[in-house]
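Colleague: Going line by line, the protein sequences match chains F and A.
Its first residue numbered 1, the first sequence is counted upward by one per residue in my numbering.
Its first residue numbered 1001, the second sequence is counted upward by one per residue in my numbering.
First, the structure itself, so that you have it in front of you.
Number of protein chains: 2
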Amino acid sequence: MARLPVYLRILSEQAELEVECISSDRLAELCGANAAKVRKDLSYLGSYGTRGVGYEVAYLVYQIRRELGLTHDWPVVIVGAGHLGQALAGYGGFGERGFPVAGVVDIDPAKVGSVLGGVRVRHIDELAQIVQARRVNIGVIATPTSAAQEAAERLVAVGVTSILNFAPVVLSVPRSIEVRKVDLAVELQILSYHEQRKATTGGLRSVGGAAGQRSASA
Amino acid sequence: MARLPVYLRILSEQAELEVECISSDRLAELCGANAAKVRKDLSYLGSYGTRGVGYEVAYLVYQIRRELGLTHDWPVVIVGAGHLGQALAGYGGFGERGFPVAGVVDIDPAKVGSVLGGVRVRHIDELAQIVQARRVNIGVIATPTSAAQEAAERLVAVGVTSILNFAPVVLSVPRSIEVRKVDLAVELQILSYHEQRKATTGGLRSVGGAAGQRSASA
DNA sequence: AGGCACTCGTGCACACGTTCACAAAGCCCA
DNA sequence: TGGGCTTTGTGAACGTGTGCACGAGTGCCT
């Protein structure tokens, strides 16, 4: 399920607050969801809570990390050293969460050699070397739209099996490759859609608590 | 539906290639989906294709833009001038797609005054002024996690009704505010999950054509 | 020890989204 | 004009995911 990462983040935060035990009710509240859904998700995971008490936070964190394959780091390689590539490399949040940046590559020789967030930009011809040396399985495409398909093919050719794609194109890759897409323009257009609906229906609006934060999934 | 933006992009591309008419089959192929799904989505939209021929691209583009509220620009304001905020402001793809950056604000006086992608960074106290002057309805949160909630509250206070949130937190806002979340770490963790499954099942992999690119929705 | 309050796990019904299959409708050509 | 080919639009089946409700197990207090 795509909700496990969310649970993991919430639970990690709770762990830092030294909360040892948490109920499905509370957990549901913290991630804006239904208590039954939380319980069902966690039961699918197979891990057990204790009735009458709740879930042991530390144990649950361990189980989810295990299920998500986060027991070890997954180095990633970023293709494209433009604005977005720079931002991603410099973000720093990746390394902390188990996804160290093994390298940043670009096809433009003028960009090679500059340093982003402690990582030197290398030429895309070195991609195979980087991937093999660090056993990289995950590639991030941060190139312009026109270069995304070629970037994907190069990543696949050197053995990358999962791709996070920021370019607004549908990549053509073998079925065995897992691709996830983040399209910022699409997100904005969805917001625009809701704005437009608010404007045209012109009705009054209910003001309530916080719940339901649409996010990426499926 | 969250798929309309995808259709719009594909159709716009086809329009530039001077394709005047397109069938649901072809359209489905281009966006990696099912033909029946495409037809149902478009019929929900109410717009009509012609049987035996297909859909008129230009008309469909107009209809979708209309449905999504893209008949006029939606200026956005970016809160947070860190790496991500810089990348977003400098991206340029926003303006082209109808979301010009009305302003970038940050709470750090040291960052105020620098120029990102043609937009000068201003102090967050000027937020209200920017929003009212440019009639901004959409805010983008590109702050660190710890500042995201405050950023959201400030945006809501000055009248922003839609928020695109890049910080990995569930924002607490009134129900009337539309929030969409993009969490890069979650995306990577989902990829990690699939990598881990590949590794443990250890089975052989089918190699097929391109179809099915998971993306943000719901 | 017994009762009570609490919370997990889960069967079941419901709603939604997806897919199939087919009739209606349009175009082209003889 | 009529028949055949193509493609839309949509009703119906299917599968999935969601939410409710309740039994079962646990801890606490008397």
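Virtual Cβ for every residue (Gly too), placed ideally from N, Cα, C.
Give me the Cα-Cα distance between Arg1009/A and Met1001/A, rounded to the nearest whole angstrom.
Modeller: Answer to the nearest angstrom: the Cα atoms are 14 Å apart.
Colleague: Taking the straight line between their C-alpha atoms, what separation do you get for Glu1096/A and Gly118/F?
Modeller: 32 Å
Colleague: Determine the closest residue to Ala167/F out of Asp183/F, Asn34/F, Ser176/F, with distance taken between C-alpha atoms.
Modeller: Asp183/F
Colleague: Does any residue of chain F bring its CB to less than 8 Å from the CB of Tyr1044/A?
Modeller: no
Colleague: Below 7 Å on C-beta distance, what does Lys1111/A contact in chain F?
Modeller: By Cβ distance, chain F contributes nothing, its closest Cβ being about 15 Å from Lys1111/A, past 7 Å.
Colleague: DSSP three-state call for Asp41/F: helix, strand or coil?
Modeller: helix
Colleague: Report the residue from Lys1037/A, Gly1054/A, Pro1075/A, Val1079/A whose alpha carbon sits nearest the alpha carbon of Asn1165/A.
Modeller: Val1079/A
Colleague: Secondary structure at Ser1172/A, three-state DSSP: helix, strand or coil?
Modeller: coil
Colleague: With DSSP collapsed to three states, give me the class of Thr145/F.
Modeller: It is helical.
Colleague: Going by alpha carbons, who is nearest to Asp106/F out of Arg135/F, Gln14/F, Ile130/F?
Modeller: Taking only the C-alpha atoms, the option nearest Asp106/F is Ile130/F.
Colleague: Can you tell me where the beta strand (DSSP E) with Ile1163/A in it begins and where it stops?
Modeller: Judged by DSSP secondary structure, Ile1163/A falls within the beta strand (DSSP E) whose first and last residues are 1162-1165.
Colleague: On the criterion of 16 or more Cβ atoms from any shown chain inside 10 Å, does Gly75/F qualify as buried, or is it exposed?
Modeller: The question names Gly, but residue 75/F in the sequence shown is Pro. Looking at its Cβ environment, which holds 16 or more other Cβ atoms inside 10 Å, Pro75/F is buried.
Colleague: Would you list, in chain order, the members of the segment 1035-1068 of chain A that have their beta-carbon closer than 8 Å to a beta-carbon of chain F?
Modeller: Answer in chain order: Glu1067, Leu1068.
Colleague: Taking all protein chains shown into account, do 16 or more other C-beta atoms lie within 10 angstroms of the C-beta of Ala1218/A, making it buried, or fewer, making it exposed?
Modeller: Below a pLDDT of 50, predicted positions are generally treated as unreliable, and Ala1218/A, at 41, falls in that range; no measurement from the model is reported.
Colleague: Taking the Cβ atom as the reference point for each residue, do Leu1088/A and Gln1063/A lie within a distance shorter than 8 Å?
Modeller: no
Colleague: Identify whether Lys1181/A lies in helix, strand or coil by the three-state DSSP scheme.
Modeller: strand
Colleague: With a threshold of 8 Å between beta carbons, is Pro75/F in contact with chain A?
Modeller: No, Pro75/F lies away from the interface with chain A (no Cβ there is under 8 Å from its Cβ).
Colleague: Using 8 Å as the limit for Cβ to Cβ distance, is Leu1070/A near chain F?
Modeller: yes
Colleague: Taking 8 Å as the CB-CB limit, is Thr1161/A close to chain F?
Modeller: yes
Colleague: Is the beta carbon of Asp48/F sitting closer than 8 Å to the one on Cys21/F?
Modeller: The question names Asp, but residue 48/F is Tyr in the sequence shown. At the C-beta level, Tyr48/F and Cys21/F stay beyond 8 Å of one another.
Colleague: I need the DSSP call for Arg1120/A, collapsed to helix, strand or coil.
Modeller: strand
Colleague: Between Val38/F, Ser24/F, Ala36/F, which has its C-alpha nearest Gly52/F's C-alpha?
Modeller: The shortest Cα separation from Gly52/F among Val38/F, Ser24/F, Ala36/F belongs to Ser24/F.
Colleague: Taking the alpha-carbon positions, what's the Arg134/F to Arg1039/A distance?
Modeller: 45 Å
Colleague: How many angstroms separate the CA atom of Asp125/F from the CA atom of Gly1085/A?
Modeller: When the Cα atoms are used, Asp125/F and Gly1085/A turn out to be separated by approximately 30 Å.
Colleague: Report yes or no: is there a C-beta of chain F within less than 8 Å of the C-beta of Ser1024/A?
Modeller: When Cβ-Cβ separations below 8 Å define contact, Ser1024/A makes no contact with chain F.
Colleague: Starting from Val77/F and walking both ways along the beta strand (DSSP E), at which residues does that stretch end?
Modeller: 76-79
Colleague: Taking a Cβ distance cut-off of 8 Å, strictly less, list which residues of the segment 1130-1149 of chain A are near chain F, in chain order.
Modeller: Asn1137, Ile1138
Colleague: Alpha carbon to alpha carbon, what distance is there between Glu18/F and Val1006/A?
Modeller: 44 Å
Colleague: Does DSSP classify Ser1024/A as helix, strand or coil?
Modeller: helix
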